[in-house]
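Chemist: First, the structure itself, so that you have it in front of you.
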Amino acid sequence: MAKMTKEEVIEVAHLARLAITDEEAIHFAEQLEAITNAMELLNELDTENVEPTTHVLPMVNVLREDKAEAGLPRETVLKNVKEHEAGQVKVPTILE
Amino acid sequence: MKFYDKTAAELQELIHSNEATITEITKQTIERINELDPKVDAFLAMNEEKAMAAASEMDTAPMEQRGPLFGLPIGVKDNIMTEGLVTTASSRILEGFNPIYNATVVEKLRAAGMVIVGKLNMDEFAMGSSNENSYYKKTRNPWNLDYVPGGSSGGSTAAVAAGEVPFTLGSDTGGSIRQPAAFCGVVGMKPTYGRVSRFGLIAFASSLDQIGPVTRNVKDNALLLQAIAGHDEKDSTSADVEVPDFAAALTGDINGLRIGVPKEYFAEGVSESAKAAVYDALEVLKEKGATVEEISLPHSKYALATYYLLASSEASSNLSRFDGIRYGYRTNKASSLLDFYMNTRAEGFGDEVKRRIMLGTYALSSGYYDAYYKKAQKVRTLIKKDFDDAFKNYDVIISPTTPTPAFKIGEIIDDPLTMYANDILTIPVNLAGVPAISVPCGFEGDMPLGLQIIGNYFDEETVYRVADVFEKATDFHKKTPQLWEGAAQ
Numbered sequence: 001m002a003k004m005t006k007e008e009v010i011e012v013a014h015l016a017r018l019a020i021t022d023e024e025a026i027h028f029a030e031q032l033e034a035i036t037n038a039m040e041l042l043n044e045l046d047t048e049n050v051e052p053t054t055h056v057l058p059m060v061n062v063l064r065e066d067k068a069e070a071g072l073p074r075e076t077v078l079k080n081v082k083e084h085e086a087g088q089v090k091v092p093t094i095l096e
Numbered sequence: 001m002k003f004y005d006k007t008a009a010e011l012q013e014l015i016h017s018n019e020a021t022i023t024e025i026t027k028q029t030i031e032r033i034n035e036l037d038p039k040v041d042a043f044l045a046m047n048e049e050k051a052m053a054a055a056s057e058m059d060t061a062p063m064e065q066r067g068p069l070f071g072l073p074i075g076v077k078d079n080i081m082t083e084g085l086v087t088t089a090s091s092r093i094l095e096g097f098n099p100i101y102n103a104t105v106v107e108k109l110r111a112a113g114m115v116i117v118g119k120l121n122m123d124e125f126a127m128g129s130s131n132e133n134s135y136y137k138k139t140r141n142p143w144n145l146d147y148v149p150g151g152s153s154g155g156s157t158a159a160v161a162a163g164e165v166p167f168t169l170g171s172d173t174g175g176s177i178r179q180p181a182a183f184c185g186v187v188g189m190k191p192t193y194g195r196v197s198r199f200g201l202i203a204f205a206s207s208l209d210q211i212g213p214v215t216r217n218v219k220d221n222a223l224l225l226q227a228i229a230g231h232d233e234k235d236s237t238s239a240d241v242e243v244p245d246f247a248a249a250l251t252g253d254i255n256g257l258r259i260g261v262p263k264e265y266f267a268e269g270v271s272e273s274a275k276a277a278v279y280d281a282l283e284v285l286k287e288k289g290a291t292v293e294e295i296s297l298p299h300s301k302y303a304l305a306t307y308y309l310l311a312s313s314e315a316s317s318n319l320s321r322f323d324g325i326r327y328g329y330r331t332n333k334a335s336s337l338l339d340f341y342m343n344t345r346a347e348g349f350g351d352e353v354k355r356r357i358m359l360g361t362y363a364l365s366s367g368y369y370d371a372y373y374k375k376a377q378k379v380r381t382l383i384k385k386d387f388d389d390a391f392k393n394y395d396v397i398i399s400p401t402t403p404t405p406a407f408k409i410g411e412i413i414d415d416p417l418t419m420y421a422n423d424i425l426t427i428p429v430n431l432a433g434v435p436a437i438s439v440p441c442g443f444e445g446d447m448p449l450g451l452q453i454i455g456n457y458f459d460e461e462t463v464y465r466v467a468d469v470f471e472k473a474t475d476f477h478k479k480t481p482q483l484w485e486g487a488a489q
């Protein structure tokens, strides 16, 4: 049974770009350990010669005709942007 | 006159004989929602003004140009994009998000002349089985307000069960239409993967997600699937296959139908009443000429683990787009760009979403990829093969939709593994990609039970035919929750 430590959870949270407190990391470590242990059930199966399934239907990549199409107007695209200026997305100052 | 207990065909008859107008039906629908929803909490946002305007315009359309759903009201799950109508997927990270385009299914609803009355609550990003994971509100089960409606499309099924609206759209990644349909005693269909365009559906697990219809009867369900199905060049995973006439498939004839009943779906954890209701249903279908045999889907017990690894992995990738820059919630606590991302996401996502993002990130991370993600993809192949093999000899596979009826709000929310177990009978269907419906088939106490009918790829017609025969032979779909009568009309 794999053990999930607080440190591992903090590392995973960092990879996932989620801020996490020590207390939360302990809580999630317990839950994720239980969940990943339940997932170990799959190791019962020999899948050495089994092909992985990524999609259930036989699919090929679909390309549209290489023809320029008008995108959405800039004004529309900026509609949900919290702050914008001169048609550009404004973000908080992050450099001193 | 009350409209909320009518079928699509009955409503059209009233409209076409000038006994009702689309405006009257829309108005009554909105009034009923306003009256009942303070108890049920199914709706997140209402579209009253635009719905009334659309209705009055539709009332002027020539009768001969109107299809079977023209002018009828519908609610849409909140992970489906509706232009100009706030769409949040029940997440704080999309609070106030106002889509600038419609999902393909919404365009299709408009083309069919349906009137969108509002958006329906769900578990955040469709992750959950109880609707308790919504950032905004907890939807309640109309059959008993202390119980969950199921999830993640719990708002969609509760609204239909309460008679607030006769049609809704949900989405189903591991059972998210069928499980709440069973819990609320309504009809919910997950179509074949690729049958319905996912363009404009906020992605959870792209290889599993599918939009589908929720209604109070099978015929209306078939009509609604008809309206939304079909290939879409904007979704490269939508299938370029012909869409048959689903309503025409309801012939009432299932003579010679071969039903397989998987023994693994009646194992430990499945309640006696759920089993008994299905055995009774099988007797009904036998009387109509079907044959019933026990079968085995030997990899069923691996489906839950496979699903949570694959769905969480896909989710961790899909949800990386929510970074607070171009839209959605934005933190005000950040001293660096990394801080900005991390705080925005930590404040914007709920616990279940974080759990799955972390599980997925872990399963995809170097050193674990082969052991978890790739392993799960391989087991998915075995699970799919179980279904392929079964459909060589059987026309449909029948089981309970859920192991138990609805549980109480708050009962298992802190125990993710027990919560996940709600979906053990629906998850294999998504992994295989085949279609399946849940129809009402009994009660345990006051709470409804669902019958799951699973079909072969792109054979929704047979699924609907069997569901319709069962519905016509039984009265379960005619029962309504107490709250239904409580509303004055």
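Chains A and B supply the protein sequences, listed in that same order.
Here the first sequence stands for residues 1 to 96, where the numbers follow full-length UniProt numbering.
Here the second sequence stands for residues 1 to 489, where the numbers follow full-length UniProt numbering.
No residue lacks a Cβ here, since even glycine has one placed at the ideal position from N, Cα and C.
Under 8 Å, with one C-beta from each stretch per pair, do the stretch 277-288 of chain B and the stretch 429-443 of chain B reach the 3-pair mark?
Modeler: Touching, per the Cβ criterion.
Chemist: Could you please tell me which residues of the stretch 358-389 of chain B, in chain order, have their CB closer than 7 Å to any CB of chain A?
Modeler: Here the close residues are Met358, Leu359, Thr361, Tyr362, Ser365, Tyr372, Lys374, Lys375, Ala376, Gln377, Lys378, Val379, Arg380, Thr381, Leu382 and Lys384.
Chemist: Determine contact between the stretch 64-83 of chain A and the stretch 189-208 of chain B, defined as no fewer than three beta-carbon pairs at a distance below 8 Å.
Modeler: Output reads no: the stretch 189-208 of chain B does not touch the stretch 64-83 of chain A.
Chemist: Taking a Cβ distance cut-off of 7 Å, strictly less, list which residues of the stretch 420-438 of chain B are near chain A, in chain order.
Modeler: Those would be Ala432 and Gly433, in chain order.
Chemist: What's the C-alpha gap between Ile35(A) and Gly96(B)?
Modeler: Cα to Cα, Ile35(A) sits roughly 33 Å from Gly96(B).
Chemist: Quick one: is Ala70(A) near chain B, going by C-beta distance under 8 Å?
Modeler: Not closer than 8 Å to any Cβ of chain B, the Cβ of Ala70(A) fails to qualify, so no.
Chemist: Compute the Euclidean distance between the alpha carbons of Asn141(B) and Ala467(B), then round it to the nearest angstrom.
Modeler: Using only the alpha carbons, I get a separation of about 23 Å.
Chemist: Closest by CA to Gln28(B), which one among Asn18(B), Ala55(B) and Ala42(B)?
Modeler: Residue Ala55(B) is the option with its Cα nearest to Gln28(B).
Chemist: List in chain order: all unbroken beta strand (DSSP E) runs of 3+ residues lying wholly within the stretch 430-473 of chain B.
Modeler: Within the stretch 430-473 of chain B, the complete beta strand (DSSP E) runs of at least 3 residues are 436-444 and 447-455.
Chemist: Helix, strand or coil for Gly87(A), going by three-state DSSP, please let me know.
Modeler: Here Gly87(A) sits in coil by DSSP.
Chemist: Just checking: is the beta-carbon of Ala487(B) within a distance shorter than 8 Å of some beta-carbon in chain A?
Modeler: Its pLDDT being 49, under 50, Ala487(B) is placed unreliably by the model, and the measurement read from it follows with that caveat. No, its Cβ sits nowhere closer than 8 Å to a Cβ of chain A.
Chemist: Rounding to the nearest angstrom, what Cα-Cα distance links Ala290(B) and Phe387(B) in this structure?
Modeler: Each residue's alpha carbon lies about 20 Å from the other.
Chemist: Determine the contact status of residue 497(B) and Asn121(B), defining contact as a CB-CB distance below 8 Å.
Modeler: Because residue 497(B) is not part of the residues shown, which for chain B are 1 to 489, the question remains open.
Chemist: Between Thr426(B) and Ala376(B), is the Cβ-Cβ spacing less than 8 Å?
Modeler: Not a contact, by the Cβ cut-off of 8 Å.
Chemist: Check each residue of the stretch 135-149 of chain B: if its Cβ is closer than 9 Å to any Cβ of chain A, include it; give the result in chain order.
Modeler: Listed by position, the residues of the stretch 135-149 of chain B near chain A (Cβ gap below 9 Å) amount to none.
Chemist: Assuming Ile177(B) contacts Ala16(A) (C-beta within less than 8 Å), just tell me the rounded distance between them.
Modeler: No, Ile177(B) and Ala16(A) are not in contact; Cβ-Cβ is about 28 Å, not under 8 Å.
Chemist: Using a beta-carbon distance below 8 Å, is Thr47(A) in contact with chain B?
Modeler: By this cut-off, Thr47(A) is an interface position.
Chemist: List, in chain order, every chain A residue whose beta-carbon is nearer than 9 Å to that of Asn318(B).
Modeler: Those within 9 Å of Asn318(B) in chain A number zero; the least Cβ separation is about 12 Å.
Chemist: Taking only beta-carbon positions, decide if Lys6(B) is within less than 8 Å of chain A.
Modeler: Not closer than 8 Å to any Cβ of chain A, the Cβ of Lys6(B) fails to qualify, so no.
Chemist: Taking the continuous alpha helix (DSSP H) assigned at Val117(B), which residues delimit it?
Modeler: Where Val117(B) is concerned, there is no enclosing alpha helix (DSSP H), although the beta strand (DSSP E) it sits in stretches over Val115 to Leu120.
Chemist: I'd like the list of long-range same chain contacts for Phe340(B), defined as Cβ closer than 7 Å, with 5 residues on each side in sequence excluded.
Modeler: Result list for Phe340(B): Gly324, Thr331 and Ala334, in chain order.
Chemist: Kindly say whether Ala239(B), judged by its beta-carbon, lies nearer than 8 Å to any beta-carbon of chain A.
Modeler: It does: the Cβ of Ala239(B) has a partner Cβ on chain A nearer than 8 Å.
Chemist: Could you check how far apart the C-beta atoms of Pro435(B) and Thr192(B) are, in whole angstroms? I think they sit under 8 Å.
Modeler: About 5 Å separates the two Cβ atoms, so the contact holds.
Chemist: Helix, strand or coil: how does DSSP classify Asp172(B) here?
Modeler: Reduced to three states, the DSSP call for Asp172(B) is strand.
Chemist: Taking 8 Å as the threshold (beta carbon to beta carbon), is Ile10(A) in contact with chain B?
Modeler: With 8 Å as the cut-off, Ile10(A) does not count as an interface residue toward chain B.
Chemist: Let me confirm a value: Leu304(B) is counted as buried when at least 16 other C-beta atoms fall within 10 Å, else exposed. Which label applies?
Modeler: With 16 or more Cβ atoms within 10 Å of its Cβ, Leu304(B) is classed as buried.
Chemist: Report all residues from its chain with a CB closer than 7 Å to the CB of Ala487(B); omit the five preceding and five following residues, and keep chain order.
Modeler: A caution first: Ala487(B) carries a pLDDT of 49, below 50, which makes its placement in the model unreliable, though a value can still be read off. If we look at Ala487(B) and ignore the five residues flanking it on each side, its Cβ neighbours are Arg32, Glu35 and Leu36.
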